[in-house]
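Just below is one structure, and these are the notes that go with it.
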Amino acid sequence: MAALTTPMVDKPLVIAGREFRSRLMVGTGKYASPAQMTEAIEASGAEVVTVAVRRVDLARRDAGNILNHLDPTRYFLLANTAGCYNADDAIRYARLGRAAGFNEWVKLEVIGDEGTLLPDTAGLIEATRVLAAEGFQVLAYTNDDLITALRLESAGAAAVMPLASPIGSGLGLLNPYAIRTIKTRLRVPVIVDAGVGTASDACVTMEQGVDGILMNTGIAAAGDPVRMANAMRLAVEAGRNAYLARRMPRREIAVPSSPVDGMLE
Amino acid sequence: MPTSTLVTIRLNGETRDVPMGWTLSTLLADLGLDARLIVVERNREIVRDRNAFDEVTLLDGDVLELVHFVGGG
Chain X
1 MAALTTPMVD
11 KPLVIAGREF
21 RSRLMVGTGK
31 YASPAQMTEA
41 IEASGAEVVT
51 VAVRRVDLAR
61 RDAGNILNHL
71 DPTRYFLLAN
81 TAGCYNADDA
91 IRYARLGRAA
101 GFNEWVKLEV
111 IGDEGTLLPD
121 TAGLIEATRV
131 LAAEGFQVLA
141 YTNDDLITAL
151 RLESAGAAAV
161 MPLASPIGSG
171 LGLLNPYAIR
181 TIKTRLRVPV
191 IVDAGVGTAS
201 DACVTMEQGV
211 DGILMNTGIA
221 AAGDPVRMAN
231 AMRLAVEAGR
241 NAYLARRMPR
251 REIAVPSSPV
261 DGMLE
Chain Z
1001 MPTSTLVTIR
1011 LNGETRDVPM
1021 GWTLSTLLAD
1031 LGLDARLIVV
1041 ERNREIVRDR
1051 NAFDEVTLLD
1061 GDVLELVHFV
1071 GGG
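Those protein sequence lines, which keep their order, are chains X and Z. Residue 184 in our numbering sits at position 184 of the first sequence, and the numbers go up by one each step. In our numbering, each residue's number is its place in the second sequence (first place is 1) plus 1000.
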């Protein structure tokens, strides 16, 4: 039985020179309670957790602060710029997130449309260029367009994060070809962000060869988020191993698995 | 209290009168906020040095944003 529990050999995920053992990153939004969030993050095995920058609700004082429930020495906090609809706002939020004092990383979002939350790719590239020049490690949330991904890399992104499908949709990986192409062409890590709805989505996404996945709603909006977090952890590992194992070729005909010789008369 | 002893600021989108001479530290203490857990933006500039909060005196017309990390994806 030992072989079943022996970890398969894999390189660590390296972004901007920093190594991570887990290829699953998780968000901290939408949980029913802080306790549920903490337990789900634990079950996911994630090291990188995303957080949002928002005004302090002065009536609630520090109560809304996620750091009351997350140990920043245990998790790598990745501040996002969610809710920003232009480059200037995203840059402002990124700077505020950095000023919290944990690291110089940002999950950069520049949203272009409220209905789909698809990115404003022109604003995204502009903000990436500005923030990279200021020393940020920019992880840019983008669509599954190769050309935009290449432009983001040129603009200085430390990682590019194409969506599987729209944020919070749970529609899974809509365009495996596009994601595979992006991964093939970029030198920086490719982390699929958004749209993963269940474990099979995570698995098939990792099978495309991407470096990791970031998800939030797929875990937080499950009936049992803690169990789903565990499922996602296993699915990411399974998909990664399947990719490294190199799947068999697809065939349009059946090929028997058992010997054709030795049949009785 | 005569108005001359107050300054009017914008604090997280709300207008608020505070006593003249208050510093950022005074304000945060009054609000019951832990300075280590928040980031202060004053007139669009981040006040980077938390140890200097007691050296930043609030002025009439100051626009303050107090932010922190909340749950998000």
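All C-beta atoms in this analysis are idealised placements derived from N, C-alpha and C, irrespective of residue type, glycine included.
To the nearest angstrom, how far is it from the Cα of residue i to the Cα of residue j?
i: Z:Arg1036; j: Z:Arg1050; result: 7 Å
i: Z:His1068; j: X:Arg54; result: 6 Å
i: X:Gly304; j: X:Asp113; result: Residue 304 of chain X falls outside the range modelled here, since chain X spans only 1 to 265, and no answer is possible.
i: Z:Thr1005; j: X:Leu131; result: 42 Å
i: X:Gly45; j: X:Arg129; result: 32 Å
i: X:Asp71; j: X:Ala43; result: 15 Å
i: X:Ala2; j: Z:Asp1054; result: Since pLDDT at X:Ala2 reaches only 49, below the 50 mark, its modelled position is unreliable, and the value read off the structure follows with that caveat. Each residue's alpha carbon lies about 60 Å from the other.
i: X:Ala178; j: X:Ala99; result: 36 Å
i: X:Glu266; j: X:Ser258; result: Since the first and last residues shown for chain X are 1 and 265, residue 266 of chain X lies out of range.
i: X:Leu78; j: X:Ala157; result: 15 Å
i: X:Arg21; j: X:Val210; result: 15 Å
i: X:Phe76; j: Z:Trp1022; result: 36 Å
i: X:Arg92; j: X:Leu174; result: 32 Å
i: X:Asp261; j: X:Ala254; result: 17 Å
i: X:Leu273; j: X:Leu118; result: Residue 273 of chain X is absent from the structure shown; chain X starts at 1 and stops at 265.
i: X:Leu139; j: X:Leu124; result: 11 Å
i: X:Gly97; j: X:Ile66; result: 13 Å
i: Z:Ala1029; j: X:Arg61; result: 11 Å
i: X:Ala63; j: X:Ala242; result: 43 Å
i: X:Ser154; j: X:Ala16; result: 15 Å
i: X:Val56; j: X:Leu163; result: 30 Å
In this structure, does DSSP put residue i in helix, strand or coil?
i: X:Val14; result: strand
i: X:Tyr141; result: strand
i: X:Met161; result: strand
i: X:Leu146; result: helix
i: X:Ala52; result: strand
i: X:Pro256; result: coil
i: X:Glu126; result: helix
i: X:Leu152; result: helix
i: X:Met206; result: helix
i: X:Val226; result: helix
i: X:Ile219; result: helix
i: X:Ile111; result: strand
i: Z:Thr1008; result: strand
i: X:Gly97; result: helix
i: X:Val236; result: helix
i: X:Glu104; result: coil
i: Z:Thr1026; result: helix
i: Z:Arg1016; result: strand
i: X:Arg269; result: Residue 269 of chain X lies beyond the stretch modelled for chain X, which goes from 1 to 265, so this question has no answer here.
At 7 Å on the CB atoms, spell out the chain Z contacts of residue i, in chain order.
i: X:Asn216; result: Gly1073
i: X:Gly27; result: Gly1072 and Gly1073
Give the interface partners of residue i over in chain X, defined as CB-CB distance under 9 Å, in chain order.
i: Z:Ile1038; result: Val56, Asp62, Asn65 and Ala100
i: Z:Glu1055; result: None at all; the shortest Cβ gap to chain X is about 17 Å.
i: Z:Leu1031; result: Val56, Leu58 and Arg61
Just to make sure I have the definition right: I need the residues of chain Z whose C-beta is within less than 9 Å of the C-beta of residue i. Which are they?
i: X:Asn143; result: The contacting residues do not exist; X:Asn143 stays about 16 Å from chain Z at best.
i: X:Ala82; result: Gly1072 and Gly1073
i: X:Tyr31; result: Gly1071
i: X:Ala79; result: Phe1069 and Gly1072
i: X:Thr198; result: Within 9 Å Cβ-Cβ: nothing; X:Thr198 doesn't reach chain Z, min ~16 Å.
Rounded C-beta distance between residue i and residue j? I'm assuming under 8 Å.
i: X:Arg187; j: X:Leu150; result: The Cβ separation is near 10 Å, so there is no contact.
i: Z:Leu1031; j: X:Leu24; result: Rounded, the Cβ-Cβ distance is 37 Å, inconsistent with contact.
i: X:Val26; j: X:Met215; result: 6 Å
i: X:Ala82; j: X:Ala127; result: Contact doesn't hold; Cβ gap of about 13 Å is too wide.
i: X:Cys84; j: X:Ile111; result: 7 Å
Report the neighbours of residue i on chain X: residues whose CB is nearer than 8 Å to its CB, in chain order.
i: Z:Arg1048; result: Ala99
i: Z:Leu1058; result: What Z:Leu1058 touches in chain X: nothing, since even the nearest Cβ is about 15 Å away.
i: Z:Val1067; result: Val53, Arg54, Arg55, Val56 and Leu96
Name the chain X residues whose beta carbon is nearer than 7 Å to that of residue i?
i: Z:Asn1012; result: Arg55, Val56 and Leu58
i: Z:Asp1034; result: Asp62
Which bits of chain Z does residue i rub up against, with CB to CB less than 8 Å?
i: X:Met37; result: Gly1071
i: X:Thr50; result: Gly1072 and Gly1073
Does the ligand MG have a heavy atom nearer than 8 Å to the CB of residue i?
i: X:Arg180; result: Questions concerning the ligand MG fall outside what the structure shown contains, since it holds no ligand whatsoever.
*Unbroken beta strand (DSSP E) runs of length 3 or more, entirely within the stretch 25-85 of chain X: which are they?*
48-55 and 76-80
*Complete beta strand (DSSP E) runs within the stretch 161-204 of chain X (minimum length 3 residues, chain order)*: 191-193
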